[in-house]
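Protein chains: 2
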Amino acid sequence: MPVIRCEENPVVRTQDVPPSRPGFRVLGAFNAGVAVCGDETILLLRVAEAPVPDREEDVLIPLLSESGGDVSVIRLMAADARYDFSDARVVSENGRIAMLTSLSHLRVARSRDGVRFAVDREPALFPQLPSEAWGIEDPRITQIGDRYYVTYSSVSPRGVAVGLAETTDFRTFTRLGLMLPPENKDVMLFPERIDGKYYALHRPVPKSFGAPEMWIAESPDLAHWGNHRFLMGLSEQAWDSARMGGGAVPIRTERGWLVLYHGADASHRYCMGAALLDLAEPSRVIARSARPFLEPEADYERNGFFGGVVFSCGAIRIGDTIRMYYGAADEVMAMADIPLQDIYDTLADET
Amino acid sequence: MPVIRCEENPVVRTQDVPPSRPGFRVLGAFNAGVAVCGDETILLLRVAEAPVPDREEDVLIPLLSESGGDVSVIRLMAADARYDFSDARVVSENGRIAMLTSLSHLRVARSRDGVRFAVDREPALFPQLPSEAWGIEDPRITQIGDRYYVTYSSVSPRGVAVGLAETTDFRTFTRLGLMLPPENKDVMLFPERIDGKYYALHRPVPKSFGAPEMWIAESPDLAHWGNHRFLMGLSEQAWDSARMGGGAVPIRTERGWLVLYHGADASHRYCMGAALLDLAEPSRVIARSARPFLEPEADYERNGFFGGVVFSCGAIRIGDTIRMYYGAADEVMAMADIPLQDIYDTLADET
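First to last, the protein sequences are chains A and B.
Residue 350, in numbering that gives the first Met the number 0, is where the first sequence stops; the numbers in between run on with no holes.
Residue 350, in numbering that gives the first Met the number 0, is where the second sequence stops; the numbers in between run on with no holes.
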């Protein structure tokens, strides 16, 4: 098998994570950003929580209080015909998402060996702004010099925007504002300047027409972004024909910037593939995967809060191996060591 | 009547604008950006064109050739049941916009008296990039020093993004790239720096949840934008409860930044109202119109390519009067002189 899943998988499970407050339970600890800090491997987990249900006929919705800072709970009746509860992640009303069933924050987990993680008892970044009223999700971490920059989904009734924060030690974090407006997700900063400019991949979701596809932008300072250009779109009939978005922060290789990204076809299975971008001109796509290098096959990938999902937000290069951490089934964190050559073998040239 | 519509309205009609190429006709000359340049009033018109129909049973769709630079025409059969032609502006397929019925470019019209305009024979900015394949629309012009910056909708199958261009003379223009990714429209740059920073209003359109509402962003250089913040949203039940977006470039007044904006209620009539933003802290809304100061009432506003629309992209302050230019019925340009006090009289404090 080319992909070597870690024998200890899942490396973080929901029961490893203490809830942030009494009366809440952890539904998922997944889609973590990844960094190496000193001699530790850091996972910045997305922790999705919800109130412990007290009556079977009710659905409890957690969200930030309008005054900010605290969490309030809305009680819905599961039998209420106005609402559609069929997707475990959301409550819909008139065909539109009206609420999320969980509130996510970011939590640090630390490891010396990259396999056995200790999870912090307290959140690292908890929603506190109106733009975070429905949670903060799916972080990516990019080390630039001695600073770590965290991009994350800042979710509120106004849509999903892109937050930016920085830290040097994964103990204190500073928010740097919203770097992109709604609707946008899956944002990754490149780990170095290219010809003097910072670059980011992002995935806008237009409403009237157009699809959720990958774009690239430039910045002089990481906070302000411009020169947006379309990078790569859905494939015609392959594994990434229905959905796609950037996954791990780009990794410099001899062949180009290696971007691990997620895709799904009409069957809604989220798989991982890769793209290679030109080192000097990252808006140029050299190659992309004709088939995924990882599909949801293990039990913890097929079954969970939202089954059939492998979704990476971060990976580390160790020699000729990519150590990829990834969320499995929107519930737990897993790890796999993948020979770089096996990722290259999935690539087809883009012309 | 407080609003004094110009007796010469419409000040630019479709027949005043020569088509950009043989075999095409002009469907609309509307939604113009406005500037004062030397002793001339400039309108930067959105000119919407389409091929002259040759057979009644066909619909001809103009768009940029994939090779760029030239225009090609797609022929559809009006009886084709796959398509929905009920909205004059678009062709829909499976409930989604699949094509536009016209291709827009930007064209300069010049006037010494602000009323009688001479329209250039050649386009000022014509679509030429893949991100402009479906046209460029609805410009706003902001003079900063001796330069004029033009923001416009850059429309392609990838969605509606925001283009930026500059000129000093309205004869040659330089594109500065896409300043915001899809889906976003109605972008206005403030005419001066505030506490060292440039500001812009924009109107993202999120897909999954959230509404088309007004945001504000900051920039060090006009090209790169960050610190996005929600500014103001749809009202509960008033004239702007269904749609809204910035209109004219903010005008400095004693009471604050005056922003003329368009809104519509469920009846889909586009009206014009105003908001006042704090001069020193433009992310703070001081007041907004409880009722519109201009509604589509004149014949050329009620009837046209898409009737029942007044839509301003630019206005000039002349003493205590706002001279507002506006697109009427998605077809022609009109002008009205509105006493500043009459706009103020529509405002209600925001708390």
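For every residue, glycine included, the Cβ atom is placed at its ideal position computed from N, Cα and C.
Beta-carbon contacts of A/Leu102 that lie in its chain and below 8 Å, excluding the five residues immediately before and after: Locating residue 102 of chain A in the first sequence gives position 103, where the first residue counts as 1. So the list reads Ala47, Glu48, Ala49, Pro61, Leu62, Leu63, Val70, Pro126, Trp133 and Gly134, once near-sequence residues are dropped.
Can you find at least 3 beta carbon pairs, one from the segment 174-187 of chain A and one from the segment 225-233 of chain B, that sit closer than 8 Å? Pairwise C-beta distances place the segment 174-187 of chain A in contact with the segment 225-233 of chain B, as three or more of them are shorter than 8 Å.
Hey, out of B/Asn8, B/Pro52, B/Gly27 and B/Arg4, whose CA is closest to B/Pro21's CA? Translated into positions along the second sequence, residue 21 of chain B becomes position 22. Minimum Cα distance to B/Pro21 is reached at B/Pro52.
Identify whether A/Ser130 lies in helix, strand or coil by the three-state DSSP scheme. Position 131 of the first sequence, counting from 1, holds the residue named residue 130 of chain A. Note: A/Ser130 maps to helix in three-state DSSP.
Which residue marks the beginning of the alpha helix (DSSP H) containing A/Asp298, and which one marks its end? Taking the first sequence and counting its residues from 1, one reaches residue 298 of chain A at position 299. Membership of A/Asp298 in the alpha helix (DSSP H) is indicated by the continuous run Asp298 to Arg301.
Chain B partners of A/Met178, CB-CB under 7 Å? Here residue 178 of chain A corresponds to residue number 179 of the first sequence, with the count starting at 1. Result: Gly225.
Counting along the chain, where does the beta strand (DSSP E) carrying A/Leu339 start and finish? The count along the first sequence starts at 1 and reaches residue 339 of chain A at position 340. Under the DSSP assignment, A/Leu339 falls outside any beta strand (DSSP E), being part of the alpha helix (DSSP H) whose first and last residues are Leu339 to Tyr343.
If you drop the 5 nearest sequence neighbours on each side, which residues of the same chain put their C-beta closer than 8 Å to that of B/Ala297? Here residue 297 of chain B refers to the residue found at position 298 of the second sequence. Arg4, Asn8, Ala327 and Ala333.
Use the C-beta contact count for B/Glu191: other C-beta atoms within 10 angstroms, 16 or more gives buried, fewer gives exposed. Here residue 191 of chain B is taken as the residue at index 192 of the second sequence, counted from 1. Counting Cβ neighbours within 10 Å, B/Glu191 comes out exposed, since fewer than 16 surround it.
Given that a residue counts as buried once 16 or more other Cβ atoms are within 10 Å of its Cβ, and exposed if not, what is B/Ile239? Position 240 of the second sequence, counting from 1, holds the residue named residue 239 of chain B. Strictly speaking, residue 239 of chain B in this sequence is Asp, with Ile absent from that position. Classification for B/Asp239: buried.
If I measure Cβ to Cβ from A/Glu6 and keep anything under 7 Å in the same chain, skipping five residues before and after, which residues do I get? Within the first sequence, numbered from 1, the residue matching residue 6 of chain A stands at position 7. Within the same chain, no Cβ atom closer than 7 Å to the Cβ of A/Glu6 is found once the five residues on either side in sequence are excluded.
Quick check on A/Ile342: buried or exposed, where buried means 16 or more other Cβ atoms within 10 Å of its Cβ? As a first step, residue 342 of chain A must be located in the first sequence, where it is residue number 343. Counting of Cβ neighbours within 10 angstroms places A/Ile342 among the buried residues, the total reaching 16 or more.
Spatial neighbours of B/Ala265 within its chain, please: CB distance less than 8 Å, with the 5 preceding and 5 following residues excluded, ordered by chain position. Here residue 265 of chain B refers to the residue found at position 266 of the second sequence. The residues are Ser240 and Ala241.
Could you tell me which of B/Leu124, B/Val107 and B/Pro122 sits nearest to B/Phe116, measuring between CA atoms? Walking along the second sequence from the start, residue 116 of chain B turns up at place 117. Proximity to B/Phe116 across B/Leu124, B/Val107 and B/Pro122 peaks at B/Val107, based on C-alpha coordinates.
Which residues in the same chain have their Cβ closer than 6 Å to the Cβ of B/Gln340, if we skip the five residues on either side of it in sequence? By one-based count along the second sequence, residue 340 of chain B stands at place 341. Residues of the same chain with their beta carbon placed closer than 6 Å to that of B/Gln340 are lacking, with the five preceding and five following residues left out of the count.
Give the range of the beta strand (DSSP E) segment to which B/Arg95 is assigned. For the purposes of this step, residue 95 of chain B is taken as the residue at position 96 of the second sequence. It spans Arg95 to Leu99 - the beta strand (DSSP E) in which B/Arg95 sits, taken as one unbroken run.
Run down chain A in chain order and give the residues with a C-beta less than 9 Å from the C-beta of B/Glu182. For this step, residue 182 of chain B is matched to residue 183 along the second sequence. Here the neighbours are Glu182, Pro203, Val204, Pro205, Lys206, Ser207, Phe208 and Gly209.
Please decide whether A/Ala132 counts as near chain B, where near means a Cβ-Cβ distance under 7 Å. Residue mapping note: residue 132 of chain A aligns to position 133 of the first sequence, counting from 1. Between A/Ala132 and chain B, the shortest Cβ-Cβ separation is not below 7 Å.
At least one CB of chain A closer than 7 Å to the CB of B/Arg12: is that the case? Stepping through the second sequence from its first residue, residue 12 of chain B is reached at position 13. In terms of beta-carbon proximity, B/Arg12 stays away from the interface with chain A, with every pair separated by 7 Å or more.
Any residues in the segment 245-257 of chain A with a beta carbon nearer than 7 Å to a beta carbon of chain B? Which ones, in chain order? Going along the segment 245-257 of chain A in chain order, one finds no residue with a Cβ nearer than 7 Å to chain B.
By the DSSP assignment, the beta strand (DSSP E) with A/Arg109 in it spans what residues? Taking the first sequence and counting its residues from 1, one reaches residue 109 of chain A at position 110. Residues Leu102 to Ser110.
Quick one: is B/Thr40 buried, meaning 16 or more other Cβ sit within 10 Å of its Cβ, or exposed? Residue mapping note: residue 40 of chain B aligns to position 41 of the second sequence, counting from 1. Its Cβ being crowded by 16 or more others within 10 Å, B/Thr40 is buried.
Can you list the residues of chain B that A/Pro190 reaches, using a CB-CB cut of under 7 Å? Numbered from 1 along the first sequence, position 191 holds the residue referred to as residue 190 of chain A. When 7 Å is used as the limit between beta carbons, A/Pro190 is near no residue of chain B, the shortest such separation being about 19 Å.
For the candidate residues A/Ala273, A/Asp194 and A/Ile315, whose alpha-carbon lies nearest to that of A/Val404? Nothing in the structure corresponds to residue 404 of chain A, since chain A is present only between 0 and 350.
Tell whether a beta-carbon distance below 7 Å holds between B/Val118 and B/Val10. Position 119 of the second sequence, counted from the start, is the residue given in the question as residue 118 of chain B. Position 11 of the second sequence, counted from the start, is the residue given in the question as residue 10 of chain B. The answer is no: Cβ separation not under 7 Å.
Out of A/Phe305, A/Leu278 and A/Ala210, which has the shortest C-alpha to C-alpha gap to A/Tyr197? Here residue 197 of chain A is taken as the residue at index 198 of the first sequence, counted from 1. Nearest C-alpha to A/Tyr197: A/Leu278.
Looking only at C-alpha atoms, which of B/Ala123, B/Glu92, B/Leu42 and B/Leu59 sits nearest to B/Thr100? Counting from 1 along the second sequence, the entry for residue 100 of chain B is found at position 101. Of all alpha-carbon atoms in B/Ala123, B/Glu92, B/Leu42 and B/Leu59, the one lying nearest the alpha-carbon of B/Thr100 is that of B/Leu59.
Just confirm the distance between the C-beta atoms of B/Arg174 and B/Ser130, as a whole number of angstroms; I'd bet it's less than 8 Å. As a first step, residue 174 of chain B is located in the second sequence; it is residue number 175 there, counting from the start. As a first step, residue 130 of chain B is located in the second sequence; it is residue number 131 there, counting from the start. Actually they do not touch by this definition, with Cβ atoms about 10 Å apart.
Just to check my reading of the structure: B/His267 and B/Gly307 have Cβ atoms closer than 8 Å, yes? What is that Cβ distance to the nearest angstrom? On the second sequence, position 268 is the one that residue 267 of chain B refers to. On the second sequence, position 308 is the one that residue 307 of chain B refers to. The C-beta separation of B/His267 from B/Gly307 comes to about 7 Å, placing the pair in contact by the 8 Å criterion.
I need the DSSP call for A/Met0, collapsed to helix, strand or coil. To locate residue 0 of chain A, count along the first sequence from 1; it is residue 1. A caution first: A/Met0 carries a pLDDT of 47, below 50, which makes its placement in the model too unreliable to give a value.
Would you verify that the beta carbon of A/Arg157 is, or is not, closer than 7 Å to some beta carbon of chain B? Walking along the first sequence from the start, residue 157 of chain A turns up at place 158. Taking Cβ atoms only, chain B reaches closer than 7 Å to A/Arg157, which makes this a yes.
Give the range of the beta strand (DSSP E) segment to which A/Asn30 is assigned. Counted from its first residue, the first sequence places residue 30 of chain A at position 31. Residues Phe23 to Cys36.
Contact list for A/Pro219 against chain B, beta-carbon separation under 8 Å: On the first sequence, position 220 is the one that residue 219 of chain A refers to. Near A/Pro219 (Cβ distances below 8 Å), the residues of chain B are Pro219, Asp220 and His223.
Could you check the C-alpha separation between B/Met0 and A/Met187 for me, to the nearest Å? In the second sequence, counting from the first residue as 1, residue 0 of chain B sits at position 1. In the first sequence, counting from the first residue as 1, residue 187 of chain A sits at position 188. At B/Met0, the pLDDT of 46 sits below 50, so the modelled position is not reliable; the number obtained from the coordinates is stated separately. Cα-Cα distance, rounded: 55 Å.
Based on Cα-Cα distance, which residue from B/Ser152, B/Phe169 and B/Pro122 lies nearest to B/Asp145? Position 146 of the second sequence, counted from the first residue, corresponds to residue 145 of chain B. Selection B/Ser152, B/Phe169 and B/Pro122 evaluated against B/Asp145 yields B/Phe169 as nearest (Cα-Cα).
With a cut-off of 8 Å on the beta carbons, I'd call A/Ile140 and A/Gly32 a contact; round off their distance for me. Translated into positions along the first sequence, residue 140 of chain A becomes position 141. Translated into positions along the first sequence, residue 32 of chain A becomes position 33. Approximately 4 Å separates the beta-carbon atoms of A/Ile140 and A/Gly32; this is inside 8 Å, confirming the contact.
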